[in-house]
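Going letter by letter, the sequence shown gives residues -23 to -1, 1 to 93 in mature numbering (1 follows the signal peptide of the UniProt record, and there is no 0).
Don't be surprised by glycine CBs; every beta carbon is placed ideally from N, CA and C.
Each remark here refers to the structure printed beneath this line.
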Amino acid sequence: MKTISALIVCLLILFPLAGFVHASEITAIHEINTSPADFDGKLVTLRGVTKDPTRIPVIDLKAYVLEDDSGELIILTSSDLPRMDKEITVRVRIESLAIIKGEALGTTVVELQRYE
C-alpha cells in the first residue's frame, strides 16, 4: 500500500511538469533557416510570436508565421490557428522534400504540439 501511495504522489508531482519546456531546449529559428538540411527529420522546440494566419479550407491547410529575435518560419498545423501576436512555444518536425549536395529543398515545419 505504501508503494502505491508513493507512486501516486510521484505522479502528482511530475504530471504538472510534463508540459514544461526548458529554455535551453529552444532552437533559434535562424539555426533552421541557415542549415535546414541539418534539421531534416528532427523534432525541435521553437518559441516566438505568431503572425500572418493562413487558412485554405479547400485543402484543409492552416499555417502561421512564428517569429523570434533571429528570424521567422512558416508553421503548418492541423489544429486551430493560434491567437495572433502572442508568444507561444511549439514542438515541430522539420521535413525536407529533398537534400541535394547538402542543400535542403522544400523544407516544411509541421506543428506537433503547442504550449500557449
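Would residue i be called buried (16 or more neighbouring beta carbons within 10 Å of its own) or exposed?
i, result
"L43", "buried"
"T31", "exposed"
"I6", "buried"
"T84", "buried"
"T11", "exposed"
How is residue i classed by DSSP in three states: helix, strand or coil?
i, result
"E49", "strand"
"E93", "coil"
"T4", "coil"
"T85", "strand"
"D62", "coil"
"V(-3)", "The pLDDT assigned to V(-3) is 48, lower than 50, so where the model puts this residue is not dependable; a value taken from the coordinates is nonetheless given after this. Coil at V(-3), not helix or strand."
"S12", "coil"
"C(-14)", "Here the model assigns C(-14) a pLDDT of 40, short of 50, so the residue's position is not dependable, and the following value carries that caveat. C(-14): helix per DSSP, three-state reduction."
With distances taken Cα to Cα, identify the nearest neighbour of residue i among the options.
i, options, result
"K78", "P13, E8, I6 and I9", "P13"
"A81", "I9, E88, E2 and Y41", "I9"
"L89", "T66, I76 and D62", "T66"
"S55", "E64, I33 and A75", "I33"
"K63", "G83, R24, V35 and I6", "R24"
"A40", "D46, R60 and T22", "R60"
"I3", "D57, S47, D17 and V35", "S47"
"F16", "I76, V26 and V35", "I76"
"V26", "D45, G18, I36 and V35", "D45"
For residue i, I'd like the list of residues in its chain whose CB is within less than 6 Å of its CB, leaving aside the five on either flank, ordered along the chain.
i, result
"residue 94", "Examination of residue 94 is not possible in this model, given that the chain is present from -23 through 93 alone."
"L(-17)", "In this prediction, L(-17) has a pLDDT of 40, which is less than 50 and means its spatial position is unreliable; what the coordinates show is noted afterwards. Within the same chain, L(-17) has no close Cβ partners at all."
"D29", "V42"
Please work out which residues of its chain come closer than 7 Å, Cβ to Cβ, to residue i, disregarding the five sequence neighbours upstream and downstream, and give them in chain order.
i, result
"L86", "Correcting the residue identity first, residue 86 is Val in this sequence and not Leu. So the qualifying residues of the chain are L50, I51, I52, L53, V69 and I71."
"L74", "L82 and G83"
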